[in-house]
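Protein chains in written order, with our numbering: chain A, 1 to 417; chain B, 1001 to 1350.
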Amino acid sequence: MKKKNLAALLMAGAMCFSLLAGCSSKDSNASTPGTDSKESQSAGNEGGNSGAATIKIGGVGPLTGGAAIYGNAAKGGAEIAAEEINALGGIQIDLRYEDDAHDPEKSVNAYNTLKDWGMQVFLGSVTSTPGAATAAESNADHMFYLTPSASSTDVIGGVANPLTGSVDIERRDNVFQMCFVDPNQGSASAQYISDKKLGEKIAVIYKNDDVYSTGIYNSFSAKAAELGLNIVSTTTFTEDSQTDFSVQLSDAKNADADLIYLPTYYGPNALILTQANAMGYNPKYFGVDGMDGILSVDGFDTSLAEGVMLLTPFNADSEDEATKSFVAKYQEKYGDVPNQFAADAYDCVYAIYNALKDENVTAETSASDMCDILINKFTSMTFNGLTGENMTWSAEGTVTKSPKGMFIQDGAYVGMD
Amino acid sequence: MKKSYLSKTNWVNFATYGMVIIAFVVMQLMGSAGMLSSTIRGQLVPICAYVVMALSLNLTVGILGELSLGHAGFMSVGAFAGAVAAAALPISSAPLRLGAAMLIGAVLAGLVGVVVGVPVLRLNGDYLAIVTLAFGQIIKSVVENLYIGMDAKGLHASFLENRITFTDGGRMILNGPMGVNGINKISTFTAGFVLTMIVLVVIFNLVNSRAGRAIMALRDNRIAAESVGINVTKYKLMAFVTSAAMAGAAGTLFALGQNTITASKFDFNMSILILVFVVLGGQGKMWGSILAATFLTVLPETPAMRELRDYRMLVYAIVMILVMLVTNSDKLKGLAGRIIPKGKGAADNG
């Protein structure tokens, strides 16, 4: 008995050590981006740019857990931007991402960790529910907050609830979004479907414990009612039930829906498409920006996605020079095709860099002063990035870029117009 | 030494009070001296909430001897009732509002405890574990479908669909699956400390009372206890409802220290996490629960763990396994017994 215990202890200890060893060797190889940017930053300083400021930019996202694909994509995009900027000389960026496992409580812990580190500008949370928590926290600290992808109105605040018309959360003046805000996507999809007469009978499947999905659905249903779209089936699922969609699909099938609207992320969407196909049900699909990424899901038969329509600000197959170079770098570094989360985060870092470049910020500028400078700058500047041209921000924190309709043809995105 | 004025149980109880008071004073002093990092300061209230959760579950698991797998459900009831109450109560003083919200959270969670406990605690065996497991899921579904808003006329509620219409100046408080957003953070470390002390006083006095001895007799041998005329359902219910009410108060404390709470936060994993605190700290040992809850809440957020990046949660799990093995190893216990002179190492049954 005792021998057994001791053996178990030894095993666990060995596991622990091998892990730690793995980590440290990884760090010493400088393959972690934190070290990378630090090294290039010091190199830049040696190169005579002693006047250039080093700005500490922090970000929070789900780097582990069920939503990790979004967090890691955003982190990857931001890192590439930081490396490019540091290579230019001038203002240097020290970038650090912390994990929140898609949990509001942990996201505040992660935010506090970054604050202890000396963060001056906050890249926000990647996902919406934690994003609302960190937005409130950063608002209390007066820390500038530009989120790549937390698209809920609860993050920026000050937007009326589409169902009740009430403003539930006051505007947080330090918070800006790089992605388009949820209601914008919902009403834009309804408008698209109506304008292009994409479906006679429409079914909606959405995730009702998710701020993102529910937010889009609410504005979609409000706009659809206004436009007189015929919604024949509305079904929901939750985090716990996102592995089986036979009930939702049968409901849509029995109602003869010819178009299914999916304001959800691509993970569940891939399952929905696969299961519908297995049922012998082949309607048209319309997704929003969360659908972007469906082609890179492991084990998913991409031929099923043929003809799927989606709204997305970013197209990795674009012929645009900047996009091509970004996609190439991302693929080289991470081995994946970047999705819109990566592109949005890349744009975030560049937008902050552009704003800071024009102002006399130094490494000593406090986070609060920097926040004032950036709020002024963001509401007055124009930005060209991977996810849109001539973007401007309103004082409400939303960006002007509008969703583009795409559809999937031969495993690639094609513009819908 | 043997004939000390205080019994061993009392000694452990006072040491537990002392430990909590010293921890509070030290943290307060360090806080006022500016020695605490933002991370630690942000965690003080959640730590208190988790400590109270662990203490309250220890009452059910360690003292009553019943397994509850849905303790997060009671926390959820307290959290949402408290968050709505704090937003709706017309009390301007923040500490008073927090106290009133906690009371409402505790009473509601206690009532729910009665509803769950009355039918189930009559049965023998593991039924409570199964029913509480289901209860946790039910509470989650209910909250995810509940919409509560408030305007000048008062509270409005709607179930399944948000059908609330406001006259003017209204705002949604509980928004179904999106939970409560934009909470006014009124929970303080002091409030958490006071709650922890109250809970400790309640538990120690309950355990040391006639009722407490009856409860422990039920745990040790139900048939023998019944044969001497102990009312099984009454005493089981007493311990279970007290535990539920304390979890409700902890839920309110937790919720009012967060910006955002969603029903999915209080899921099965949370119940298991609280159970881990109890098992790790030792069933029936209140000081163990306090230490385990604090240690396991702080650990993943320490700078050293953050440095591990992607391996953080893996290492966290391994540390947990190691601690379990070490605390349950007879060899190491014997070693500890040799180092610490007689008696203290084996201070069982607090």
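Note that the Cβ used here is the ideal one computed from N, Cα and C, for glycine as well.
Task: Under 8 Å by beta carbon: chain A residues contacting isoleucine 1148/B - done: Under the 8 Å cutoff, chain A gives no residues; its nearest Cβ is about 11 Å from isoleucine 1148/B.
Task: CB contact check: alanine 1249/B to chain A, cutoff 9 Å - done: For alanine 1249/B, the answer is no, since every Cβ of chain A falls outside 9 Å of its Cβ.
TODO: My understanding is that glycine 1110/B touches valine 1241/B, with C-beta atoms under 8 Å, so please give their C-beta distance in whole angstroms.
DONE: About 5 Å separates the two Cβ atoms, so the contact holds.
Task: Proximity test, Cβ basis, 9 Å: threonine 243/A and chain B - done: By the rule that beta-carbons nearer than 9 Å mark a contact, threonine 243/A does not touch chain B.
- [ ] Alpha carbon to alpha carbon, how far is asparagine 376/A from aspartate 94/A? Give it in angstroms, no decimals.
- [x] The C-alpha of asparagine 376/A is placed about 23 Å away from the C-alpha of aspartate 94/A.
Open item on the list: I'd like to check one pair, lysine 201/A with glutamate 239/A: are the Cβ atoms closer than 9 Å?
Closed with: The Cβ-Cβ distance between glutamate 239/A and lysine 201/A does not fall below 9 Å.
Open item on the list: Restricting to runs no shorter than 3 residues, where is the beta strand (DSSP E) found entirely within the stretch 198 to 233 of chain A?
Closed with: Fully enclosed beta strand (DSSP E) runs of 3 or longer: 202 to 207.
Task: Contact check, isoleucine 205/A vs leucine 249/A, beta carbons under 9 Å - done: Taking 9 Å as the Cβ cut-off, isoleucine 205/A and leucine 249/A qualify as a contacting pair.
Task: For methionine 1197/B, the three-state DSSP class (helix, strand or coil) - done: For methionine 1197/B, the secondary structure class from DSSP, reduced to helix, strand or coil, is helix.
TODO: Classify arginine 96/A as helix, strand or coil using the three-state DSSP reduction.
DONE: Arginine 96/A: strand per DSSP, three-state reduction.
- [ ] Label isoleucine 1104/B either buried or exposed according to how many other C-beta atoms from any shown protein chain fall within 10 Å of its C-beta, with 16 as the threshold for buried.
- [x] The residue in question, isoleucine 1104/B, is buried, as its Cβ has 16 or more Cβ neighbours within 10 Å.
- [ ] Consult DSSP for valine 399/A and reduce its assignment to one of helix, strand or coil.
- [x] Assignment of valine 399/A by DSSP, reduced to helix, strand and coil, places it in the strand class.
Task: phenylalanine 1014/B classed as buried or exposed, judged by whether at least 16 other C-beta atoms fall within 10 angstroms - done: Counting Cβ neighbours within 10 Å, phenylalanine 1014/B comes out exposed, since fewer than 16 surround it.
Open item on the list: Spatial neighbours of leucine 1121/B within its chain, please: C-beta separation below 7 Å, excluding the five flanking residues on both sides.
Closed with: These residues qualify, in order along the chain: Leu1128, Thr1233, Lys1236, Leu1237, Phe1240.
Open item on the list: Just to make sure I have the definition right: I need the residues of chain B whose C-beta is within less than 7 Å of the C-beta of isoleucine 193/A. Which are they?
Closed with: Ordered by position in chain B, no residue passes the 7 Å Cβ test against isoleucine 193/A, which lies about 23 Å from the chain.
- [ ] Check whether the Cβ of arginine 1122/B lies closer than 8 Å to any heavy atom of the ligand MN, and answer yes or no.
- [x] Inclusion of the ligand MN in the displayed structure is not the case, the ligand content being empty and no account of it being possible.
- [ ] Find the residues of chain B that neighbour glycine 71/A, judging by a C-beta separation of less than 7 Å, and give them in chain order.
- [x] Correct list: empty, because the minimum Cβ distance to chain B is about 11 Å.
Task: Cβ pair threonine 323/A, methionine 291/A closer than 9 Å - done: Inclusion of threonine 323/A and methionine 291/A in the CB contact set at 9 Å is not warranted, their separation being larger than that value.
Open item on the list: By the DSSP assignment, the alpha helix (DSSP H) with threonine 147/A in it spans what residues?
Closed with: Not the alpha helix (DSSP H): threonine 147/A falls in the beta strand (DSSP E), residues 144 to 147.
Open item on the list: With DSSP as the reference, identify every bridge partner of glycine 415/A, one or two as the case may be.
Closed with: Beta-bridge annotation (DSSP): glycine 415/A is paired with Met406/A.
Task: Separation of valine 1107/B from alanine 74/A, as counted between CA atoms - done: If you take the alpha carbons of alanine 74/A and valine 1107/B, they lie about 44 Å apart.
TODO: Return helix, strand or coil for arginine 1210/B, following the three-state DSSP convention.
DONE: Of the three classes helix, strand and coil, the one that applies to arginine 1210/B here is helix, per DSSP.
- [ ] Buried or exposed for serine 213/A, please, with buried defined as at least 16 other CB atoms from any protein chain shown within 10 angstroms of its CB.
- [x] Here serine 213/A is buried: its Cβ has 16 or more other Cβ atoms, across all protein chains shown, within 10 Å.
Task: Assigned exposure category for proline 130/A - 16 Cβ within 10 Å defines buried - done: Burial call: buried.
Open item on the list: Please tell me whether threonine 1327/B has its Cβ less than 9 Å away from any Cβ of chain A.
Closed with: With its beta carbon at least 9 Å from every one in chain A, threonine 1327/B lies outside the interface.
Task: 8 Å contact criterion, which leucine 273/A and alanine 305/A should meet: CB distance rounded - done: Yes, leucine 273/A and alanine 305/A are in contact; Cβ-Cβ is about 6 Å, under 8 Å.
Open item on the list: Along the stretch 124 to 139 of chain A, where does the CB come closer than 7 Å to a CB of chain B? Name the residues.
Closed with: Shown in chain order are the members of the stretch 124 to 139 of chain A whose Cβ falls below 7 Å from a Cβ of chain B: Thr129, Ala132, Ala133, Ala136, Glu137.
Open item on the list: By the three-class DSSP mapping on this structure, what secondary structure does valine 159/A have?
Closed with: Valine 159/A falls in the coil class under three-state DSSP.
TODO: Rank Gln92/A, Ala140/A, Asn230/A by C-alpha distance to the C-alpha of valine 108/A and give the top, closest one.
DONE: Taking only the C-alpha atoms, the option nearest valine 108/A is Ala140/A.
Open item on the list: Under 9 Å, Cβ to Cβ, is there at least one residue of chain B near lysine 333/A?
Closed with: Lysine 333/A does not count as touching chain B.
TODO: Starting from isoleucine 169/A, find everything on chain B with Cβ-Cβ shorter than 7 Å and list it in chain order.
DONE: The answer, in chain order, is Asn1181, Gly1182.
- [ ] Look at the alpha carbon of alanine 1244/B and the alpha carbon of glutamine 1258/B, and state the distance between them as a whole number of angstroms.
- [x] Each residue's Cα considered, the two are about 21 Å apart.
TODO: Report yes if the CB atom of glycine 1073/B is closer than 9 Å to the CB atom of threonine 1132/B, and no otherwise.
DONE: Taking 9 Å as the Cβ cut-off, glycine 1073/B and threonine 1132/B qualify as a contacting pair.
Task: asparagine 49/A versus alanine 355/A: straight-line alpha-carbon distance, rounded - done: For asparagine 49/A, the pLDDT reaches just 44, beneath the cut-off of 50, and the residue's location in the model is therefore unreliable, although a value from the coordinates is still provided. Spanning the two alpha carbons is a distance of roughly 19 Å.
TODO: Measure the CB-CB distance between leucine 1296/B and methionine 1270/B and report whether it falls below 9 Å.
DONE: Not closer than 9 Å, so no.
- [ ] Taking phenylalanine 1236/B as the query, report the chain A residues whose CB atoms sit under 7 Å from its CB, ordered along the chain.
- [x] The residue asked about is misnamed: residue 1236/B is lysine in this sequence, not phenylalanine. In chain order: nothing, as chain A lies at least about 30 Å away.
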